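Trainee:
2 protein chains.
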Amino acid sequence: MLKTKILLVGYGNVGRGVIKSIANNPDMELVGILSRSPERVKKEFNAVPVRAMTEAEAFISEIRPDVAILCGGSKDDLPKQGPVFAKLVNTVDSFDNHSRIPEYFKSVNDAALAAGHVSVISTGWDPGLFSLQRVLAGAFIPGARAYGFYGLGEKGGLSMGHSDALRTIPGVADARQFTHAVPEAIETIRRGENPVFQPGDMHTRECFVVLKPGADREKIVETIRSMPGYFAPYKTTINFVSQEELDSKYKGFPHDGLVIAAGSTGNGNQAQVEFRCIWGSNPEATGNVLVAHARAAVRLAAEGRKGAMTILDIPPSYFTQLDRDELLKHWM
Amino acid sequence: MLKTKILLVGYGNVGRGVIKSIANNPDMELVGILSRSPERVKKEFNAVPVRAMTEAEAFISEIRPDVAILCGGSKDDLPKQGPVFAKLVNTVDSFDNHSRIPEYFKSVNDAALAAGHVSVISTGWDPGLFSLQRVLAGAFIPGARAYGFYGLGEKGGLSMGHSDALRTIPGVADARQFTHAVPEAIETIRRGENPVFQPGDMHTRECFVVLKPGADREKIVETIRSMPGYFAPYKTTINFVSQEELDSKYKGFPHDGLVIAAGSTGNGNQAQVEFRCIWGSNPEATGNVLVAHARAAVRLAAEGRKGAMTILDIPPSYFTQLDRDELLKHWM
Chain A
359 MLKTKILLVG YGNVGRGVIK SIANNPDMEL VGILSRSPER VKKEFNAVPV
409 RAMTEAEAFI SEIRPDVAIL CGGSKDDLPK QGPVFAKLVN TVDSFDNHSR
459 IPEYFKSVND AALAAGHVSV ISTGWDPGLF SLQRVLAGAF IPGARAYGFY
509 GLGEKGGLSM GHSDALRTIP GVADARQFTH AVPEAIETIR RGENPVFQPG
559 DMHTRECFVV LKPGADREKI VETIRSMPGY FAPYKTTINF VSQEELDSKY
609 KGFPHDGLVI AAGSTGNGNQ AQVEFRCIWG SNPEATGNVL VAHARAAVRL
659 AAEGRKGAMT ILDIPPSYFT QLDRDELLKH WM
Chain B
359 MLKTKILLVG YGNVGRGVIK SIANNPDMEL VGILSRSPER VKKEFNAVPV
409 RAMTEAEAFI SEIRPDVAIL CGGSKDDLPK QGPVFAKLVN TVDSFDNHSR
459 IPEYFKSVND AALAAGHVSV ISTGWDPGLF SLQRVLAGAF IPGARAYGFY
509 GLGEKGGLSM GHSDALRTIP GVADARQFTH AVPEAIETIR RGENPVFQPG
559 DMHTRECFVV LKPGADREKI VETIRSMPGY FAPYKTTINF VSQEELDSKY
609 KGFPHDGLVI AAGSTGNGNQ AQVEFRCIWG SNPEATGNVL VAHARAAVRL
659 AAEGRKGAMT ILDIPPSYFT QLDRDELLKH WM
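Chains as they are written, first to last, in my numbering: chain A, 359 to 690; chain B, 359 to 690.
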C-alpha cells in the first residue's frame, strides 16, 4: 500500500492525538514533526525526524509530505501558520474560532490557490462534524434551525480552545475550562419551538485557573470575562485552584455534544434530528477527524483541486479507506 | 430566482411528500407529473400537467425538466425506470433494497454515463442519511462498526418498502408493516462491545394484513415469511385485520431511527456517535431528502459531472440553498 505521508506541525495535545490516530489508520504514515521546541519533542517522541518550525520550508523539501496537519492554537498560531503552510504543501487544520472563520478561510484560500494546494480548514469536532450535521439538518428539514450543545454530562466538557485562551493571559500558569449545556434550552428545541438563543442561553463556562506567583487576580478575572467570543457572551464561573488540584480533579480531555434540529414536514408532521457524540479524549477525537480529512485532502489534490475548503465541500466517501464497491455493497 | 424545474415520476405517498417539500423550498418548482394512472392523479392534483408514463420521452422533450424525481417502488418499478429515465434526464431516486444496490447502481450508471446525465440513486432516509452517518462514523472512529436501528418508539416505525412488498403478494388487499428495534441490541453497542449481529438480532417485523375475499391465508403467511431480504431474516409477526381496523388503528407514516457506532481512540478512550431521527411522516421526510438531492444533482450536472452517484459522492454544501459566504459565516 502506498501510504499517505503526513507532516505534523505542532506537538501539543491535538498533535499527540493525530499521532495515535495515524497508528490506527494503516494507509497513513507520519514522516516528520515541526515544533517550536524540537528538543522537547524529541525527548517524548523520536520515531520520526523532528525539526524547528523555522526550518519548515527546507524540511518540507527534504521529506516531501503529501499533507501537513496543523495542530497549533487558533488564537495565535493558525492565523499565521495557515497561509504560510498552504503555500508549501496541502494542509488540514482545526481552526476553531467560529467568528473569524470567514477571514481565515480567505487568507488560507488565497495562499493555497496561488500555490496550487488543497487546504482543508476548521475541521475536527466543532467546527467540523457539527458544522456538517447543522448544514444537513437545515437542508433536509427546510426552516428548522440547527443548534449545537456541549458538555451534556454532569462534569461538562473540557474545551481545549477555551483552555488555551485562558493560558495566554499574563499571570496564568495553567487553566482548564469546562463547558456546560443548559438542559432547559435543549428541551425548548425538542418541543419544536425553534427558539432564537443568544450563546449565553445555551451554555455556561466554568474556568479552573492556576495563578503564577504575584499574578493580579482581579485583572485576570476581568480579562477572562471580557474576552470577546470566548467568554464575554457567557455566564462564566472562575475558580482559582492549585496546580495539584487542577491535575488531580480536572484531568483528562473528556467532551461530548449534541446537534439538534426540530421542524416539520408537509402540514405540521414532526421532523427532528439529533447528532450526539461522546469522546473520552477530545484531542484524540479531533486527531481522528483531522487524519480522515488528510486522506480527503490528498485525494482532492490528486484530482487537481486547489484552494481552501471545509468539511462541507468534501464528498463523504473521500474520508474513508473503503472503495466504491465496498461502500455500495455494505455501507449504503 | 431561476428555479430548478422538477418532473415527478410516480404519484404515491413519496410523490405526495415530494410535492409538499417543493412547496417549502423556494428555489424549486414542480413542472409535471408522470403516472401510470394520470386520470386518477388529475382528480387529486392538477396544478401541473399530468401525463401517462408511456409518454415519458415526449413529455420530457416538451417541459424540459432539470431533474426527475423517481418515486416508484424499489421492488418492481425502479429497477426498470431508473435506467430508462437516466437516459432522458438527470434523476434522483430512493431505491431502498439494500442488497441489490450494487447492481442497480451499475445499470443506472451505464445509462447515465452514456447520456451524460447525473443520477443520484438510493437516497432518502435509509439508504441515504443513514448511509452517510454510517460512513462518517466508520471514517472518524477507525475500527468502530456502525449500526442502524428503526422503530425505537413504542409503536415502532412504519416501513413503506416492506408495506409495499406485502401489497405485491397475490391475495393481499392492503397491508402495513411496523419495524421494531430490539433494545438489548442497542445497549450492547453502547457498552462498546462492537457485536456481530445478524439482521434478526436487531429488529423484529410486525405485519398487519388485509386479505382479499377468498385469499389463501396459509400461502400468504408462507410467502411473507420466506420473502428474501424483506422478511426471511427476521422474527416476523403477521396479523390479519379488516380494512377498517388497518385504517383506524395503524394509520399514518410515522418512523424513527438511530445510527450508532462506538469504539475507542488512542489507548482505549471512549468514542461514540449517535444519529437519531424522528419523522411524523416518513414519506414527507423522504420527499425532503429527495428534493435536496435534486438541488445537488442539478448543480453537479451543471459542472459537467455525469453517471450514477450516491449521497456519499456529494459535497454536503450542494444540498443547501445557502452560499459559501453564508455557510462560512453562520454554519461552520
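For glycine and all other residues, C-beta sits at the position ideal for the given N, C-alpha and C. Bear in mind the structure is a predicted one, so any value in this text is a computation, not a measurement.
For SER639 (chain B), name the three-state secondary structure that DSSP assigns.
Mentor: Taking the second sequence and counting its residues from 1, the one referred to as residue 639 (chain B) is at position 281. Strand.
Trainee: Where THR362 (chain B) and LEU685 (chain B) are concerned, what is the direct C-alpha to C-alpha distance, given to the nearest angstrom?
Mentor: Along the second sequence, one-based indexing puts residue 362 (chain B) at 4. Along the second sequence, one-based indexing puts residue 685 (chain B) at 327. Whole-angstrom Cα-Cα distance: 21 angstroms.
Trainee: Using 10 angstroms around the beta-carbon of HIS688 (chain A), count the other beta-carbons present and answer buried if the total reaches 16, otherwise exposed.
Mentor: Residue numbering aside, residue 688 (chain A) sits at position 330 when the first sequence is read from its first letter. Looking at its Cβ environment, which holds fewer than 16 other Cβ atoms inside 10 Å, HIS688 (chain A) is exposed.
Trainee: So the candidates are B:GLY368, B:GLY501, B:GLN628, B:CYS429; which of them puts its Cα closest to the Cα of ALA381 (chain A)?
Mentor: The sequence position of residue 381 (chain A) within the first sequence is 23, counting from 1. When each option's Cα is compared against that of ALA381 (chain A), the closest is B:GLY501.
Trainee: Along the chain, where does the beta strand (DSSP E) that runs through ILE596 (chain A) open and close?
Mentor: Here residue 596 (chain A) refers to the residue found at position 238 of the first sequence. ILE596 (chain A) -> beta strand (DSSP E) spans 593-598.
Trainee: Run through the stretch 396-438 of chain B for me and flag every whole beta strand (DSSP E) of 3 or more residues, listed as ranges in chain order.
Mentor: Runs of the beta strand (DSSP E) inside the stretch 396-438 of chain B: 408-410, 425-428.
Trainee: Identify the contact partners of ALA650 (chain B) in chain A, using a Cβ-Cβ distance below 7 angstroms as the criterion.
Mentor: Locating residue 650 (chain B) in the second sequence gives position 292, where the first residue counts as 1. Under the 7 angstroms cutoff, chain A gives ALA497, PHE498.
Trainee: Where does VAL554 (chain B) land, buried or exposed, given buried means 16+ other C-beta within 10 angstroms?
Mentor: If you number the second sequence from 1, residue 554 (chain B) lands on position 196. Flag for VAL554 (chain B) reads exposed.
Trainee: According to a CB-to-CB cut-off of less than 9 angstroms, which residues of the stretch 623-636 of chain B neighbour chain A?
Mentor: The residues in question are THR623, GLY624, ASN625, GLY626, ASN627, GLN628, ALA629, GLN630, VAL631, GLU632, PHE633, ARG634, CYS635, ILE636.
Trainee: From the DSSP output, in three-state form, read off ASN627 (chain B) for me.
Mentor: As a first step, residue 627 (chain B) is located in the second sequence; it is residue number 269 there, counting from the start. In the structure shown, ASN627 (chain B) sits in a strand (DSSP, three-state: E or B).
Trainee: May I ask you to report which of helix, strand or coil DSSP gives LEU686 (chain B)?
Mentor: Position 328 of the second sequence holds residue 686 (chain B). The answer is helix: DSSP assigns LEU686 (chain B) an H, G or I state.
Trainee: Which whole-angstrom value is the C-beta distance of SER432 (chain B) and THR668 (chain B), which I expect to be below 8 angstroms?
Mentor: Position 74 of the second sequence, counting from 1, holds the residue named residue 432 (chain B). Position 310 of the second sequence, counting from 1, holds the residue named residue 668 (chain B). Incorrect: roughly 15 angstroms between the Cβ atoms, too far for contact.
Trainee: Terminal residues of the continuous beta strand (DSSP E) containing HIS475 (chain B)?
Mentor: As a first step, residue 475 (chain B) must be located in the second sequence, where it is residue number 117. No beta strand (DSSP E) holds HIS475 (chain B); DSSP gives it neither H nor E.
Trainee: My parser needs the alpha helix (DSSP H) runs of 4 or more residues fully inside the stretch 519-586 of chain A; what are they?
Mentor: Segments of the alpha helix (DSSP H) lying fully in the stretch 519-586 of chain A: 541-548, 557-560, 575-583.
Trainee: Step through the CB atoms of chain B and report whether any lies within less than 9 angstroms of the CB of HIS456 (chain A).
Mentor: On the first sequence, position 98 is the one that residue 456 (chain A) refers to. So, interface residue.
Trainee: Counting only beta-carbon atoms, is THR581 (chain B) nearer than 9 angstroms to chain A?
Mentor: For the purposes of this step, residue 581 (chain B) is taken as the residue at position 223 of the second sequence. Not an interface residue.
Trainee: Anything in the stretch 391-424 of chain B with a Cβ closer than 7 angstroms to a Cβ of chain A? List those residues in chain order, please.
Mentor: Of all residues in the stretch 391-424 of chain B, none has a Cβ within less than 7 angstroms of some Cβ in chain A.
Trainee: Does any C-beta atom of chain A lie closer than 9 angstroms to the C-beta of SER639 (chain B)?
Mentor: The sequence position of residue 639 (chain B) within the second sequence is 281, counting from 1. Chain A contact via Cβ: present.
Trainee: Beta carbon of PHE507 (chain B), beta carbon of ALA543 (chain B): below 9 angstroms?
Mentor: Your numbering for residue 507 (chain B) matches position 149 in the second sequence. Your numbering for residue 543 (chain B) matches position 185 in the second sequence. Taking 9 angstroms as the Cβ cut-off, PHE507 (chain B) and ALA543 (chain B) qualify as a contacting pair.
Trainee: Tell me the residue span of the beta strand (DSSP E) that contains ILE391 (chain A).
Mentor: Along the first sequence, read from residue 1 onward, the residue named residue 391 (chain A) stands at position 33. Looking at the DSSP string, the run of the beta strand (DSSP E) that includes ILE391 (chain A) is 386-393.
Trainee: Report the rounded CA-to-CA distance for VAL466 (chain A) versus ILE459 (chain A), giving the unit in angstroms.
Mentor: Position 108 of the first sequence, counted from the first residue, corresponds to residue 466 (chain A). Position 101 of the first sequence, counted from the first residue, corresponds to residue 459 (chain A). Going from the Cα of VAL466 (chain A) to the Cα of ILE459 (chain A) covers about 10 angstroms.
Trainee: Pull up the CB-CB distance for GLU564 (chain A) and PHE536 (chain A), whole angstroms please, since I reckon it's below 8 angstroms.
Mentor: By 1-based counting over the first sequence, the position of residue 564 (chain A) is 206. By 1-based counting over the first sequence, the position of residue 536 (chain A) is 178. Right, the Cβ-Cβ distance comes to about 5 angstroms (below 8 angstroms), so this counts as a contact.
Trainee: Once the 5 residues before and after GLY519 (chain A) are set aside, which same chain residues still bring their CB inside 7 angstroms of it?
Mentor: For this step, residue 519 (chain A) is matched to residue 161 along the first sequence. Here the set comprises SER432, ASP454.
Trainee: Thinking C-beta only, is PRO441 (chain A) closer than 9 angstroms to ILE421 (chain A)?
Mentor: Residue 421 (chain A) sits at position 63 when you count from the first residue of the first sequence. Residue 441 (chain A) sits at position 83 when you count from the first residue of the first sequence. No, Cβ-Cβ distance for ILE421 (chain A) and PRO441 (chain A) is not below 9 angstroms.
Trainee: In chain B, what lies closer than 8 angstroms to ARG492 (chain A) by C-beta?
Mentor: To locate residue 492 (chain A), count along the first sequence from 1; it is residue 134. Chain B residues near ARG492 (chain A): TRP689.
Trainee: Identify, in the order they occur along the chain, each residue of the same chain with its Cβ nearer than 7 angstroms to the Cβ of LEU446 (chain B), setting aside the five sequence neighbours on each side.
Mentor: On the second sequence, residue 446 (chain B) is found 88 positions in, with the first residue counted as 1. These residues qualify, in order along the chain: ALA414, GLU415, ILE418.
Trainee: In chain A, which residues lie less than 7 angstroms from THR668 (chain B) when you measure between Cβ atoms?
Mentor: Indexing the second sequence from 1 puts residue 668 (chain B) at position 310. Near THR668 (chain B) (Cβ distances below 7 angstroms), the residues of chain A are MET690.
Trainee: Are the C-beta of THR678 (chain B) and some C-beta of chain A separated by less than 9 angstroms?
Mentor: On the second sequence, position 320 is the one that residue 678 (chain B) refers to. At least one chain A Cβ lies under 9 angstroms of THR678 (chain B).
Trainee: Alpha carbon to alpha carbon, how far is VAL656 (chain A) from MET690 (chain B)? Give it in angstroms, no decimals.
Mentor: Numbered from 1 along the second sequence, position 332 holds the residue referred to as residue 690 (chain B). Numbered from 1 along the first sequence, position 298 holds the residue referred to as residue 656 (chain A). Computed Cα separation, rounded: 22 angstroms.
Trainee: So if DSSP puts ALA660 (chain B) in a beta bridge, which residue, or which two residues, is it bridged to?
Mentor: Counted from its first residue, the second sequence places residue 660 (chain B) at position 302. Paired residue(s): none; ALA660 (chain B) is not in a bridge.
Trainee: Hey, is ASP468 (chain B)'s beta-carbon within less than 9 angstroms of any beta-carbon in chain A?
Mentor: Against the second sequence, residue 468 (chain B) aligns to sequence position 110. It does not; no Cβ of chain A falls within 9 angstroms.
Trainee: Spell out whether any CB of chain B is found under 9 angstroms from the CB atom of VAL647 (chain A).
Mentor: For the purposes of this step, residue 647 (chain A) is taken as residue 289 along the first sequence, with counting starting at 1. At least one chain B Cβ lies under 9 angstroms of VAL647 (chain A).
Trainee: List the whole-angstrom C-beta distance separating LEU487 (chain A) from PHE633 (chain B), where the pair is believed to meet the contact cut-off of C-beta under 8 angstroms.
Mentor: Here residue 487 (chain A) is taken as the residue at index 129 of the first sequence, counted from 1. Here residue 633 (chain B) is taken as the residue at index 275 of the second sequence, counted from 1. Not a contact, Cβ separation roughly 11 angstroms.
Trainee: Please decide whether PHE463 (chain A) counts as near chain B, where near means a Cβ-Cβ distance under 9 angstroms.
Mentor: Mapped onto the first sequence, residue 463 (chain A) falls at position 105. Yes, because at least one Cβ of chain B sits closer than 9 angstroms to the Cβ of PHE463 (chain A).
Trainee: Under the rule that 16 or more other beta-carbon atoms within 10 Å means buried, what is SER622 (chain B), buried or exposed?
Mentor: Reading the second sequence from its first residue, position 264 is the one you call residue 622 (chain B). That one is buried.
Trainee: So which residues on chain A does GLY314 (chain B) lean against when the C-beta distance must stay under 7 angstroms?
Mentor: With chain B covering only 359 through 690, there is no way to say anything about residue 314 (chain B).
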